[in-house]
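Q:
Numbering (my numbering), first residue to last: 558 to 786.
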C-alpha cells in the first residue's frame, strides 16, 4: 500500500466512517478536504451491475454538463475545405484534413476530434493512435456527424463521453473544486440521469451499486446510491 503524505492523512481523519452522504453533502466534503495547490478536478466513479464483456451490457454515452468541465476544450475539426470556415466560426481550434497526416506523425494537441462521415475512410487510419487515447471520432459520441457546428459547440460547452470499463465502473469528470457547490451538484445529477437512462435491459439486480465522488488528490466520498435507482 503506497505511503500517504501528511496532508492526505490529515484529511483522511475527517472522512465519514459510517454510511454514505447525500450528493450535495458528499461534494461539499470533497471541496472542504481538498488540499492540493492547484484547482483539482472533481470526478464521479459509478459502479454498475453490468458485465462489460457482453455487448448487450455495455454502458456508453455522452452528456453535456450544465456547468461545463471547468477547463478549456481544444477541438479539432476534420472537415473538407468547403466546411472549414463553418468549423472555425463554431469555435474549432484546429481545422482541416492536413491534420490527419500530422496526427500520424505524432501531433496530438487537442482534446476532442470531430469528423464528417465522408472523411472516415481516411480518419480510420488513425485508430491505433487515437483509439487508446479516447480521441477517435465515433458516431455514438456524436463526433462523426454532418452537423459539425453543433458538435463543436457542444464540446466547447462541456460535453463529455463516458463508458463502463472492464471492471464495471464508469469514471467521469464533473467539474473543478473551485466550482460553486450548486454547479457540481447539477453536473453530477446530469451525469447520473444519463447513466440511469442508459440502463441495459440485460442488467440484473440493483443497477447502480455505488457512487463515489473525489478530487484529483483527495479522498473518495461515498454518495447514497439509493437516490439513483
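No residue lacks a Cβ here, since even glycine has one placed at the ideal position from N, Cα and C. These figures come from a predicted structure and were not determined experimentally.
Compute the beta-carbon to beta-carbon distance between residue 582 and residue 591, rounded to the nearest angstrom, for a pair I have assumed lies under 8 Å.
A: Translated into the one-based positions of the chain shown, residue 582 becomes position 25. Translated into the one-based positions of the chain shown, residue 591 becomes position 34. Not really, about 15 Å apart at Cβ, beyond 8 Å.
Q: Ordered along the chain, which non-local residues of its own chain (more than five positions away) have a Cβ less than 8 Å from that of residue 500?
A: Absent from the model: residue 500. The displayed extent of the chain is 558 to 786, so no value can be given.
Q: Tell me the rounded alpha-carbon separation between residue 670 and residue 638.
A: Looking up residue 670 in the chain shown gives position 113. Looking up residue 638 in the chain shown gives position 81. Distance between the alpha carbons of residue 670 and residue 638 is about 16 Å.
Q: Which residues in the same chain have their Cβ closer than 6 Å to the Cβ of residue 676, if we skip the five residues on either side of it in sequence?
A: Start at 1 with the first residue of the chain shown, and residue 676 comes out as number 119. Result list for residue 676: 635, in chain order.
Q: Please classify residue 593: does DSSP put it in a helix, a strand, or coil?
A: Residue 593 sits at position 36 when you count from the first residue of the chain shown. Looking at residue 593 - three-state DSSP - the assignment turns out to be coil, as it is neither helix nor strand.
Q: Could you name the residues of the same chain whose beta carbon sits closer than 6 Å to that of residue 772, not counting the 5 residues immediately before and after it, in chain order?
A: As a working mapping, residue 772 is identified with position 215 in the chain shown. Correct list, in chain order: 587, 591, 597, 599, 734.
Q: Report yes if the C-beta distance between residue 618 and residue 718 is below 9 Å; otherwise report no.
A: By one-based count along the chain shown, residue 618 stands at place 61. By one-based count along the chain shown, residue 718 stands at place 161. Yes, they are a contact pair.
Q: Using a Cβ-Cβ cut-off of 8 Å (strictly less than) and excluding sequence neighbours within five positions of residue 651, which residues of its own chain qualify?
A: Start at 1 with the first residue of the chain shown, and residue 651 comes out as number 94. Excluding residues within five positions, the ones whose Cβ falls inside 8 Å are 631, 632, 633, 634, 666, 667.
Q: Would you check if the distance between the CB atom of residue 593 and the CB atom of residue 728 is smaller than 9 Å?
A: The residue labelled residue 593 in the question sits at position 36 within the chain shown. The residue labelled residue 728 in the question sits at position 171 within the chain shown. Not a contact, by the Cβ cut-off of 9 Å.
Q: In chain order, what residues of the same chain lie with their CB nearer than 8 Å to the CB of residue 695, ignoring the 5 residues before and after it?
A: Taking the chain shown and counting its residues from 1, one reaches residue 695 at position 138. Here the set comprises 701.
Q: Taking only beta-carbon positions, decide if residue 774 is within less than 9 Å of chain D.
A: Absent here is chain D; the protein component of the structure consists of one chain.
Q: Taking 9 Å as the threshold (C-beta atoms), are residue 691 and residue 625 in contact?
A: The residue labelled residue 625 in the question sits at position 68 within the chain shown. The residue labelled residue 691 in the question sits at position 134 within the chain shown. Cβ atoms of residue 625 and residue 691: not closer than 9 Å.
Q: Residues in its own chain within less than 7 Å of residue 762 by CB, not counting five upstream and five downstream?
A: Residue numbering aside, residue 762 sits at position 205 when the chain shown is read from its first letter. Cβ neighbours of residue 762 beyond the five flanking positions: 606.
Q: Figure out for me which residue from 714, 699, 748, 655 has the closest Cα to the Cα of residue 647.
A: As a working mapping, residue 647 is identified with position 90 in the chain shown. Closest by alpha carbon: 714.
Q: For residue 693, count neighbouring Cβ atoms within 10 angstroms of its own Cβ and tell me buried if that reaches 16, exposed if not.
A: Taking the first residue of the chain shown as 1, we reach residue 693 at position 136. Buried, by the Cβ-count rule.
Q: Between which two residues does the alpha helix (DSSP H) harbouring residue 745 extend?
A: Counted from its first residue, the chain shown places residue 745 at position 188. Element bounds for residue 745: 738 to 754.
Q: Are the CB atoms of residue 610 and residue 705 nearer to each other than 9 Å?
A: Start at 1 with the first residue of the chain shown, and residue 610 comes out as number 53. Start at 1 with the first residue of the chain shown, and residue 705 comes out as number 148. Against a cut-off of 9 Å, the Cβ pair of residue 705 and residue 610 comes out as no contact.
Q: With a threshold of 8 Å on Cβ separation, who are the neighbours of residue 746 within its own chain once the five nearest residues in sequence on each side are excluded?
A: On the chain shown, residue 746 is found 189 positions in, with the first residue counted as 1. 580.
Q: Could you have a look at residue 775 and say whether DSSP puts it in helix, strand or coil?
A: The sequence position of residue 775 within the chain shown is 218, counting from 1. Note: residue 775 maps to coil in three-state DSSP.
Q: Roughly how many angstroms separate the alpha carbons of residue 743 and residue 604, rounded to a whole number?
A: What you label residue 743 is simply residue 186 of the chain shown in a count that begins at 1. What you label residue 604 is simply residue 47 of the chain shown in a count that begins at 1. Cα-Cα distance, rounded: 20 Å.
Q: Identify which residue in 621, 754, 680, 608 has its Cα closest to the Cα of residue 709.
A: Locating residue 709 in the chain shown gives position 152, where the first residue counts as 1. Closest option to residue 709, Cα to Cα, is 621.
Q: I'd like the ranges of any beta strand (DSSP E) spanning at least 3 consecutive residues and lying wholly in the segment 603 to 691.
A: You should have 617 to 621, 632 to 635, 669 to 672.
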